[in-house]
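Participant: Once you know that position 17 of the sequence shown is 17 in the UniProt record's numbering, the rest is easy, because the numbers rise by one and skip nothing.
Right, I'll just put the structure down here and ask away after.
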Amino acid sequence: MYDNAGTGGHVPVMLDRVLELLAPALTGRGPVVVDANLGLGGHSEALLATHPSLHLIGIDRDPFAIEFSTKRLAPYADRTTLVHASSDELADVLARAGRTAVDGVLFDLGVSSPQLDEAERGFAYSYDAPLDMRMDTDQELTAEKVVNTYSAAELTRILRVYGEERFAPRVAGLIIKERAKDPITSTKRLAEIVRQAIPAATRRTGGNPAKRTFQALRIEVNAELAALEAALPAALDALVLGGRVVVLSYHSLEDRLTKQVLAARTKDTGPPGLPVPLPAHQPRFRLLTRGAELPSEEEVARNPRATSARLRAAERIRVDHQD
Numbered sequence: 001m002y003d004n005a006g007t008g009g010h011v012p013v014m015l016d017r018v019l020e021l022l023a024p025a026l027t028g029r030g031p032v033v034v035d036a037n038l039g040l041g042g043h044s045e046a047l048l049a050t051h052p053s054l055h056l057i058g059i060d061r062d063p064f065a066i067e068f069s070t071k072r073l074a075p076y077a078d079r080t081t082l083v084h085a086s087s088d089e090l091a092d093v094l095a096r097a098g099r100t101a102v103d104g105v106l107f108d109l110g111v112s113s114p115q116l117d118e119a120e121r122g123f124a125y126s127y128d129a130p131l132d133m134r135m136d137t138d139q140e141l142t143a144e145k146v147v148n149t150y151s152a153a154e155l156t157r158i159l160r161v162y163g164e165e166r167f168a169p170r171v172a173g174l175i176i177k178e179r180a181k182d183p184i185t186s187t188k189r190l191a192e193i194v195r196q197a198i199p200a201a202t203r204r205t206g207g208n209p210a211k212r213t214f215q216a217l218r219i220e221v222n223a224e225l226a227a228l229e230a231a232l233p234a235a236l237d238a239l240v241l242g243g244r245v246v247v248l249s250y251h252s253l254e255d256r257l258t259k260q261v262l263a264a265r266t267k268d269t270g271p272p273g274l275p276v277p278l279p280a281h282q283p284r285f286r287l288l289t290r291g292a293e294l295p296s297e298e299e300v301a302r303n304p305r306a307t308s309a310r311l312r313a314a315e316r317i318r319v320d321h322q323d
């Protein structure tokens with residue numbers, strides 16, 4: 001077990017399982033791992049400490065994450081390449097780093113601890129803050145812009161699809177009505193509007209009624225699903241034979257997308273009933289997890305943010321000229 005994990009109260013989610021799954025791919029000379037969502041660098045630090053010849057490429061769209069992890073991983077500076085970029089730029093990042101293939105890729109999706117903990121970032125409904133929610137603070141689109149400029153139909157769509165909010169039309173309608181009086185600029189006001197839009201009977205169960213709306217806005221502002229949709233296939237394409245990918249997701253949309261991408265790469269695509277499998281149609285990958293693995297009760301007790309985590313992993317078992 002890796003014991004030196006976490007700084008400032010930050011505990012990397014399912015760390016021991018992540019290390020266990022990636023380890024068999026990192027036994028060769030000078031293995032390379034991509035941490036596609038670097039965050040506070042907890043997983044990366046553990047990987048670097050555990051594998052003395054490992055080179056780590058860390059990617060994050062949040063400038064704070066790059067700054068923090070640069071300091072945290074300073075003891076391993078000669079074995080790290082940290083890049084301010086979105087995960088969907090993974091192929092370009094590898095090309096610029098001169099790495100055409102890698103041994104492992106980790107995706108630790110969702111919002112990071114500092115983004116949640118710093119009120120001014122506007123991710124959390126538990127603080128009153130400007131409606132921001134940008135992971136990359138250099139980008140233009142903010143939650144405030146979405147809430148105040150999207151049409152009722154657009155708001156309903158993102159609330160329903162990204163937030164899985166069954167009262168999406170009611171929430172969108174009240175947002176439109178309230179923003180006509182005054183622009184909605186704070187997390188507190190938005191959370192109150194959502195609370196008013198949700199029927200009282202529903203408000204009594206299931207936690208804060210604003211949770212789904214805030215999730216939907218965050219996914220929209222940061223194009224999170226689109227990034228994963230591009231980044232995960234690129235990561236699989238970059239893996240060497242025996243290379244492994246591990247994905248930690250925190251809501252059903254991310255997990256469903258991960259499941260679909262991995263399923264497509266782990267099935268035989270040949271016509272059914274052939275006496276001999278066609279090599280070109282045989283799977284390039286095999287699943288390393290049965291369904292989605294959940295954190296242990298002990299981990300959830302120690303690290304409440306692990307509660308919603310779902311882990312899936314796969315290994316490359318075939319390489320041919322088509323890859």
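All C-beta atoms, glycine included, are put in the ideal place defined by N, C-alpha and C.
Can you tell me the Cα-Cα spacing of residue 313 and residue 259, whole angstroms?
Facilitator: Locating residue 313 in the sequence shown gives position 313, where the first residue counts as 1. Locating residue 259 in the sequence shown gives position 259, where the first residue counts as 1. Cα to Cα, the separation comes out at about 10 Å.
Participant: Can you tell me whether residue 281 is buried or exposed? The criterion is at least 16 other CB atoms within 10 Å of its CB, across all chains shown.
Facilitator: As a first step, residue 281 is located in the sequence shown; it is residue number 281 there, counting from the start. Exposed is the call here.
Participant: Locate the beta strand (DSSP E) running through residue 140, then write down its first and last residues.
Facilitator: Within the sequence shown, numbered from 1, the residue matching residue 140 stands at position 140. Per DSSP, residue 140 belongs to no beta strand (DSSP E) and is neither H nor E.
Participant: Given this structure, state the Cα-to-Cα distance separating residue 230 from residue 88, to the nearest angstrom.
Facilitator: One-based indexing of the sequence shown puts residue 230 at position 230. One-based indexing of the sequence shown puts residue 88 at position 88. Distance between the alpha carbons of residue 230 and residue 88 is about 5 Å.
Participant: When you compare only the Cα positions, how much space is there between residue 324 and residue 202?
Facilitator: Residue 324 falls outside the range modelled here, since the chain spans only 1 to 323, and no answer is possible.
Participant: Taking Cβ to Cβ, would you say residue 78 is nearer than 8 Å to residue 28?
Facilitator: On the sequence shown, residue 78 is found 78 positions in, with the first residue counted as 1. On the sequence shown, residue 28 is found 28 positions in, with the first residue counted as 1. For residue 78 and residue 28, no; Cβs fall outside 8 Å.
Participant: Considering only the alpha carbon of each residue, which of 31, 48 and 135 lies closest to residue 15?
Facilitator: Position 15 of the sequence shown, counted from the first residue, corresponds to residue 15. Residue 48 is the option with its Cα nearest to residue 15.
Participant: In terms of residues, what are the limits of the beta strand (DSSP E) holding residue 103?
Facilitator: Within the sequence shown, the letter at position 103 stands for residue 103. From DSSP, the beta strand (DSSP E) with residue 103 extends over 102-108.
Participant: Alpha carbon to alpha carbon, how far is residue 232 from residue 261?
Facilitator: The residue you call residue 232 lines up with position 232 of the sequence shown. The residue you call residue 261 lines up with position 261 of the sequence shown. If I take the Cα positions, the gap works out to 8 Å.
Participant: Going by beta-carbon coordinates alone, are residue 194 and residue 168 separated by less than 8 Å?
Facilitator: For the purposes of this step, residue 194 is taken as the residue at position 194 of the sequence shown. For the purposes of this step, residue 168 is taken as the residue at position 168 of the sequence shown. No, these two residues do not count as a Cβ contact at 8 Å.
Participant: For residue 184, does the three-state DSSP call read helix, strand or coil?
Facilitator: Locating residue 184 in the sequence shown gives position 184, counting from the first residue. Three-state result, residue 184: coil.
Participant: Check whether the stretch 55-71 and the stretch 17-28 touch, using three or more Cβ-Cβ pairs below 8 Å as the test.
Facilitator: Output reads no: the stretch 17-28 does not touch the stretch 55-71.
Participant: Give the C-beta separation of residue 268 and residue 279 to the nearest angstrom, bearing in mind that I take them to be a contact with Cβ-Cβ under 8 Å.
Facilitator: Counting from one through the sequence shown, the residue named residue 268 turns up at place 268. Counting from one through the sequence shown, the residue named residue 279 turns up at place 279. Rounded, the Cβ-Cβ distance is 11 Å, inconsistent with contact.
Participant: Check the C-beta distance from residue 305 over to residue 13 and give it rounded, since I have them as a contact under 8 Å.
Facilitator: As a position in the sequence shown, residue 305 is number 305, starting the count at 1. As a position in the sequence shown, residue 13 is number 13, starting the count at 1. Yes, they are in contact, since the Cβ atoms of residue 305 and residue 13 sit about 7 Å apart, within 8 Å.
Participant: Using a Cβ cut-off of 8 Å (strictly closer), state whether residue 45 contacts chain D.
Facilitator: This model lacks chain D altogether, as it is built from one protein chain only.
Participant: Going by DSSP, name the residue or residues bridged to residue 312.
Facilitator: Here the question's residue 312 lines up with position 312 in the sequence shown. Answer is 247, bridged to residue 312.
Participant: In the DSSP assignment, what are the bridge partners of residue 286?
Facilitator: To locate residue 286, count along the sequence shown from 1; it is residue 286. Paired residues: 315.
Participant: DSSP has residue 84 in a bridge; who is on the other side?
Facilitator: If you number the sequence shown from 1, residue 84 lands on position 84. Looking at the DSSP assignment, residue 84 forms a beta bridge with 60.
Participant: Between the Cα of residue 179 and the Cα atoms of 140, 150 and 53, which residue gives the shortest distance?
Facilitator: The residue you call residue 179 lines up with position 179 of the sequence shown. Nearest option by C-alpha distance: 150.
Participant: Relative to the C-alpha of residue 42, which candidate in 73, 63 and 292 has its C-alpha closest?
Facilitator: As a first step, residue 42 is located in the sequence shown; it is residue number 42 there, counting from the start. Of 73, 63 and 292, the residue nearest in Cα terms is 73.
Participant: Quick test of your reading: residue 227 and residue 86, contact by CB under 8 Å. State the CB separation rounded to the nearest angstrom.
Facilitator: Locating residue 227 in the sequence shown gives position 227, counting from the first residue. Locating residue 86 in the sequence shown gives position 86, counting from the first residue. Right, their Cβ atoms sit about 6 Å apart.
Participant: Report yes if the C-beta distance between residue 155 and residue 184 is below 8 Å; otherwise report no.
Facilitator: To locate residue 155, count along the sequence shown from 1; it is residue 155. To locate residue 184, count along the sequence shown from 1; it is residue 184. Their beta carbons are not under 8 Å apart, which means residue 155 does not touch residue 184 by this criterion.
Participant: Assuming residue 162 and residue 219 form a contact by the criterion Cβ under 8 Å, report the distance between their Cβ atoms to the nearest whole angstrom.
Facilitator: In the sequence shown, counting from the first residue as 1, residue 162 sits at position 162. In the sequence shown, counting from the first residue as 1, residue 219 sits at position 219. Between residue 219 and residue 162 the Cβ distance is about 4 Å, and since that is below 8 Å, they are a contact.
Participant: Should residue 276 go down as buried or exposed, given a rule of 16 or more other Cβ atoms within 10 Å for buried?
Facilitator: Translated into positions along the sequence shown, residue 276 becomes position 276. That one is exposed.
Participant: Under the rule that 16 or more other beta-carbon atoms within 10 Å means buried, what is residue 295, buried or exposed?
Facilitator: Here residue 295 is taken as the residue at index 295 of the sequence shown, counted from 1. Buried, by the Cβ-count rule.
Participant: Please classify residue 18: does DSSP put it in a helix, a strand, or coil?
Facilitator: For the purposes of this step, residue 18 is taken as the residue at position 18 of the sequence shown. Three-state result, residue 18: helix.
Participant: Can you tell me the Cα-Cα spacing of residue 23 and residue 288, whole angstroms?
Facilitator: The residue you call residue 23 lines up with position 23 of the sequence shown. The residue you call residue 288 lines up with position 288 of the sequence shown. The alpha-carbon atoms of residue 23 and residue 288 are separated by roughly 13 Å.
Participant: Taking all protein chains shown into account, decide if residue 69 is buried (16 or more other Cβ within 10 angstroms of its Cβ) or exposed.
Facilitator: Along the sequence shown, one-based indexing puts residue 69 at 69. Answer is buried; the Cβ neighbour count reaches 16.
Participant: Helix, strand or coil for residue 51 per DSSP?
Facilitator: Residue numbering aside, residue 51 sits at position 51 when the sequence shown is read from its first letter. In the structure shown, residue 51 sits in coil (DSSP, three-state: anything other than H, G, I, E or B).
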